[in-house]
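What follows is a short report on a single structure.
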Amino acid sequence: MSAWLPVAPCTPRDCAHHEGARRPAPHAAALLLAGCALTLLGVVCVPAVLLLGPSHRDRLIRRWAHTVVRAFGVRVRITGCPVERARPPTGELVVANHMSWLDIPLVASVLPARMVAKSEIRNWPVLGPLAALGGTLFIERDRLRALPHAVRALAGALASGSRVAVFPQGSTWCGRSGGGRFRPAAFQAAIDAGAAVRPVRISYRTATTNAAGAAAFVGDDPLAASLWRVVTAAGLTAEIRILPPVHADGEPGRRALARAAQSAVASDSANLPAASVHH
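In structure tokens, the structure reads:
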């Protein structure tokens, strides 16, 4: 384990299971095929989408990402602060807690951004080159010496006006009993670029429980098992809560900035007005 790549104590056996109604296998299989097909369609269309202007590109990404989540049978609820569609001139660092592979399209459905990914993905067939083409920032998370370069890359992207999304816990957590602390490295990039930090809180629930283990993708859980768990879980709802921005110049250093963002994500934000609800 390194400072950049922590390990969560969550395991598939203890955390990743569904409590509640289940869809019949034929219905679940149809959702699985639809979700995978839409995901692959989006990947293939990356080169064409990049030819669009920023506002049209963001609009298309938001619609596609929302459709992908819905295709897997998951309802989407967006709450919290209304978000301006125009990006700040110094960019914006979006930070969220991390529970599932669903988090990525869920964030993109509201705040399209350049994602941060481990460097190994760059070498994956097909997906690697397309991820690079789409602006993914690749970092060597298991090498502490690579941290300064990663911070510079993040800061450069933010300074150029990009929105960058990071999961600063460094690993997925099931969400049943809190989560890992936010690591400060990415927040140094926001300070260096003078960019605002936008905290986002992600949660999953069903009709019978506020902690939906069906969405958890933790430990050594196979992706196929996680996909099947999601599509068979009837009534699964993903909620993304958009919180007020935290300004880098308002906190004395990256650790304080990380704590402020983590506190905002972990706090009870039930009094925030609903922005919109998508069924």
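Under this note's numbering, the first residue of the sequence shown is numbered 6, with each subsequent residue one higher.
In this text, a Cβ means the ideal position worked out from N, Cα and C, and glycines have one as well.
Point to revise | E97 - DSSP class collapsed to helix/strand/coil | key: strand
Exercise for review: Measure the alpha-carbon distance for A309 versus A190 and round it to whole angstroms.
Suggested key: In the structure displayed, the chain extends from 6 to 284; residue 309 sits before or after that span and is not available.
Review point. What is the rounded straight-line gap between the Cα of W69 and the Cα of R260?
Key: 35 Å
Exercise for review: Could you tell me the distance, in whole angstroms, from the CA atom of L232 to the CA atom of P94?
Suggested key: 38 Å
Check your understanding: Hey, how far is the Cα of A8 from the Cα of P14?
Key -> Low confidence applies here, because A8 scores a pLDDT of 45, under 50, leaving its location unreliable; read the following figure in that light. Looking at the two C-alpha atoms, the distance is approximately 16 Å.
Exercise for review: For A265, I'd like the list of residues in its chain whose CB is within less than 6 Å of its CB, leaving aside the five on either flank, ordered along the chain.
Suggested key: V251, E256
Practice item. Starting from the Cα of A137, find the closest Cα among S272, V74, V100, V49 and give me that residue. Key: V49
Review point. So, do the region 236-255 and the region 201-210 have three or more beta carbon pairs nearer to each other than 8 Å?
Key: yes
Check your understanding: Quick one, are the C-beta atoms of L248 and C86 less than 8 Å apart?
Key -> yes
Practice item. May I ask you to verify whether the region 191-203 touches the region 149-163, counting CB pairs closer than 8 Å and requiring at least 3? Key: yes
Practice item. Could you please give the first and the last residue of the uninterrupted alpha helix (DSSP H) stretch that includes T237? Key: 228-237
Review point. Can you tell which of V223, A39, E24 has its C-alpha closest to the C-alpha of P31?
Key: A39
Check your understanding: Which residue from A212, A122, F143, I126 puts its Cα closest to that of S176?
Key -> A122
Review point. What are the partner residues of F143, as DSSP defines its beta bridges?
Key: A122
Review point. With burial defined as no fewer than 16 other Cβ atoms inside 10 Å of the residue's Cβ, what is the status of A26: buried or exposed?
Key: exposed
Point to revise | For H22 and R234, the rounded distance between their alpha carbons | key: 8 Å
Point to revise | First through last residue of the alpha helix (DSSP H) which encompasses G40 | key: 30-49
Practice item. For the beta strand (DSSP E) holding S208, just list the boundary residues, first then last. Key: 201-210
**Study point:** Classification of W129 by the beta-carbon crowding that lies within 10 angstroms, buried from 16 upward
**Key:** exposed
Review point. Exposed or buried, which one is A33 when buried takes at least 16 other CB atoms within 10 Å?
Key: buried
Point to revise | Nearest to L55 (by Cα), restricted to the options A271, G140, Q193 | key: G140
Practice item. Verify the CB distance criterion: does R62 have a CB-CB separation below 8 Å to chain B? Key: Protein chain content of the structure displayed is limited to a single chain, and chain B is not contained in it.
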